[in-house]
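Visitor: Below are the structure tokens for one structure; questions will follow.
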Amino acid sequence: MKKWNRFLLVALSLLSFSSHAVYNANMTGVVTQVLTYTDGNQIYFLLKNQPTSHPSCKPDLFAIDASTPGETRHQVLSRLLTAYATGKPVNIGYDKEGDCAHTWIRAHRIG
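Residues -21 to -1, 1 to 90 (mature numbering (1 follows the signal peptide of the UniProt record, and there is no 0)) are what the sequence shown spells out, left to right.
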């Protein structure tokens, strides 16, 4: 049993290492678009002051990665839609270096 637990611990640590992106920047902006798709778990959004460049991702949109747990995706979508409906600025935490989500800038925090 100890061997199995050790294997499971190593496997989980490898999975968590490869799936964690870096949250290393913040910006504030007004949400001008929120895009969702029925054929996947993608959530995309655009800010009025959207970055115009990024070292490795397409800068046209921010993306919430499809691997984000469903409940968390719903919370993020709710915050985005509230910000969009009210027109009030929202703070976005994102990865300014790399590790894109669906080829766009990966967002980690909304609010």
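Note that CB positions come from ideal geometry on N, CA and C, so glycine has one too.
Going by the DSSP bridge assignment, what does residue 93 pair with across the sheet?
Guide: In this structure the chain extends from -21 to 90, so residue 93 is not present and cannot be described.
Visitor: How would you label Arg85, buried or exposed, when you count the other beta carbons within 10 angstroms and need 16 or more for buried?
Guide: Reading the sequence shown from its first residue, position 106 is the one you call residue 85. When all chains shown are included, Arg85 counts as buried.
Visitor: List, from N- to C-terminal side, the alpha helix (DSSP H) runs of 4 residues or more that fit wholly inside the segment 9 to 86.
Guide: Qualifying alpha helix (DSSP H) stretches, in chain order: 49 to 65.
Visitor: Quick one: Cα of Gly66 to Cα of Leu26, how far?
Guide: Within the sequence shown, residue 66 is the residue found at index 87, counting from 1. Within the sequence shown, residue 26 is the residue found at index 47, counting from 1. Between Gly66 and Leu26, the C-alpha separation is close to 11 Å.
Visitor: Confirm, please, whether the CB-CB distance from Tyr2 to Gly72 is below 7 Å.
Guide: Start at 1 with the first residue of the sequence shown, and residue 72 comes out as number 93. Start at 1 with the first residue of the sequence shown, and residue 2 comes out as number 23. Yes, these two residues count as a Cβ contact at 7 Å.
Visitor: For the 8 Å Cβ check, are there 3 or more pairs between the segment 72 to 83 and the segment 36 to 47?
Guide: Touching, per the Cβ criterion.
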